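Before any comments, here is the structure.
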Amino acid sequence: MNIPLTDMTIEPVHGCDKRCPFCSLSQYPADSEVHYMDSNLFYNNILSFLKRHQTKFSKISFSRFGEPTMHPDLLDFIYQTRQAKPESKVTVITNGHQLRKRGDTSYIRELIKAGASHIMIDCYEYETFEIFENDKDGLEIEPSYGEKGTVWHTFENKILHVSFLNKPINQVDTQAGSVPYKNWESYSIDPKKLPKRVPCFQLCHQIVILYNGNVPICCKDGSKSLILGNIQERSIEEIWGSDFANELRYALFNCDRELIPPCALCSATCGGYYPLGFRKDYDRNHILDMVSARFKPDKDWVHNIREFHKENAIPKYLKELLDRKGFVL
Ligand code: SF4
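Note that my numbering has the sequence shown beginning at 65, numbered continuously upward.
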């Protein structure tokens with residue numbers, strides 16, 4: 065299976081100055097160590113890949129399980145990415161850390177100058193929203209600003225997209241089980257309605273590279289319990305096209321989320337048509353063996369799945385997988 069890679073998410077920082085209850089970081093204490101991507105890893109492994117990879121990327125995003133603007137070299141990462149992929153969207157998703165730190169939007173303007181084409185500012189606190197509001201001169205803002213939570217700004221023929229979540233959040237997902245179970249229901253997620261029997265195509269278009277070079281199954285896997293490989297040990301192309309990644313894709317096409325631990329607790333419906341068709345003849349035990357060899361559950365993930373299955377039968381394959389890891393459900 066040769067899947068074109070057109071979307072990359074890079075995690076410059078693992079950790080954050082906030083602990084929002086809907087975020088996978090909410091499972092860790094607020095004073096947990098913050099990890100920063102080694103800049104050499106970005107330049108030697110990621111940037112070099114972007115330069116040699118000829119395909120146009122639809123999006124290269126700086127985000128994931130941490131606040132990217134805490135990285136001291138983020139502006140240069142963006143500048144270099146823009147040089148390597150001038151036609152791709154270069155996106156930053158921030159909680160507004162630098163706005164609060166500086167009290168103005170100067171960092172946002174520096175991001176734009178460096179080459180960011182889309183910036184999403186999630187204003188989970190009114191303070192952040194207010195700082196932007198007071199210093200938005202020169203930013204062209206769409207009229208729906210503050211209503212639908214979206215603002216548009218044009219800059220040198222590019223679009224800057226700023227989202228404001230200045231209202232209570234009522235639509236979140238389980239982050240593949242990494243958000244503590246008790247938080248799910250308060251955000252209107254009915255665990256009994258997790259989409260176990262729908263296909264997922266997330267692993268068909270996006271690769272996620274964590275601060276330490278690990279590649280998790282997808283951007284939802286906040287527990288990083290299933291790692292496809294590390295870009296310091298294998299090239300990005302190899303990890304993306306590996307047998308393991310393909311077996312996971314087959315299982316997900318076939319709606320077999322429960323064979324794959326993070327997916328078993330995922331509420332995302334990453335649907336959409338992907339022109340491959342479903343493969344019906346794959347070997348579930350083979351996939352289970354492959355997943356089992358790499359699955360590293362932590363006690364929080366197991367706790368979440370225990371809670372989830374309180375009133376439901378635990379799927380045979382998932383039980384077997386956890387048995388192999390020494391967890392008795
Ligand atoms: S089912 Fe969820 S965790 Fe699994 S690949 Fe899809 S989006 Fe990611």
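Even for Gly, the Cβ is constructed at its ideal location relative to N, Cα and C.
Just so you know, these numbers come straight off a predicted model, no measurement behind them.
Could you tell me which residues DSSP pairs with residue i in its beta bridges?
| i | result |
| --- | --- |
| His78 | His99 |
| Gln270 | Asp71 |
| Leu290 | Phe359 |
| Met184 | Ile157 |
| Pro280 | Ile291 |
| Gly130 | Gly79 |
| Lys123 | Asp71, Lys153 |
Is residue i near ligand 1 - that is, is its Cβ less than 7 Å away from at least one heavy atom of it?
| i | result |
| --- | --- |
| Pro361 | no |
| Lys257 | no |
| Lys284 | yes |
| Arg321 | yes |
| Leu267 | yes |
| Pro379 | no |
| Cys87 | no |
| Pro326 | yes |
| Cys330 | yes |
| Ala178 | no |
| Ala357 | no |
| Leu292 | no |
| Ala315 | no |
| Ile253 | no |
| Ala309 | no |
| Ile281 | yes |
| Cys264 | yes |
| Ala94 | no |
| Ala148 | no |
Return the CA-CA distance between residue i and residue j, expressed in angstroms with no decimal places.
| i | j | result |
| --- | --- | --- |
| Gly213 | Ile185 | For Gly213, the pLDDT reaches just 49, beneath the cut-off of 50, and the residue's location in the model is therefore unreliable, although a value from the coordinates is still provided. About 10 Å. |
| Ser152 | Arg370 | 42 Å |
| Asn221 | Asp201 | Legend: pLDDT at Asn221 = 44, less than 50; position of this residue unreliable, no value from coordinates given. |
| Met354 | Asn276 | 23 Å |
| Ser208 | His78 | Caution applies to Ser208, whose pLDDT of 49 falls short of 50 and renders its modelled position unreliable; the model cannot decide the point. |
| Phe129 | Tyr245 | 18 Å |
| Ser96 | Arg166 | 24 Å |
| Ile273 | Glu189 | 28 Å |
| Gln270 | Val243 | 21 Å |
| Glu197 | Ser170 | 13 Å |
| Leu386 | Ser299 | 30 Å |
| Ser250 | Leu69 | 36 Å |
| Phe391 | Glu311 | 24 Å |
| Lys383 | Pro325 | 10 Å |
| Asn318 | Cys283 | 20 Å |
| Val262 | Ala332 | 10 Å |
| Pro93 | Met101 | 20 Å |
| Glu191 | Leu139 | 24 Å |
| Phe113 | Asn159 | 28 Å |
| His135 | Asp168 | 18 Å |
| Asp394 | Asn104 | The structure shown does not extend to residue 394, since the chain is modelled only from 65 through 393, so no value can be given for it. |
| Leu163 | Ile378 | 46 Å |
| Asp81 | Val98 | 9 Å |
| Lys120 | Ala148 | 10 Å |
| Ile396 | Glu174 | With the chain covering only 65 through 393, there is no way to say anything about residue 396. |
| Ile183 | Ala357 | 38 Å |
| Gln144 | Phe106 | 10 Å |
| Ile67 | Asp199 | 43 Å |
| Asp137 | Cys84 | 25 Å |
| Arg388 | Pro132 | 36 Å |
| Cys187 | Phe193 | 6 Å |
| Asp362 | Phe265 | 25 Å |
| Ser127 | Ile172 | 15 Å |
| Phe86 | Trp365 | 15 Å |
| Asn230 | His161 | Note on Asn230: pLDDT 46, under 50, position unreliable in the model; no value is reported. |
Using 8 Å as the limit for Cβ to Cβ distance, is residue i near chain D?
| i | result |
| --- | --- |
| Leu316 | The structure shown contains no chain D; it holds only a single protein chain. |
Assuming the contact rule is C-beta atoms closer than 8 Å, residue i and residue j should be a hit. Round their C-beta distance to whole Å, please.
| i | j | result |
| --- | --- | --- |
| Ile110 | Ile142 | Incorrect: roughly 12 Å between the Cβ atoms, too far for contact. |
| Ala180 | Thr155 | 7 Å |
| Leu329 | Ala240 | 6 Å |
| Leu323 | Arg348 | 6 Å |
| Ile303 | Gly293 | 4 Å |
| Asn247 | Ser90 | 7 Å |
| Arg313 | Leu267 | 5 Å |
| Ile157 | Ser125 | 7 Å |
| Leu290 | Phe359 | 6 Å |
| Asp71 | Lys123 | 5 Å |
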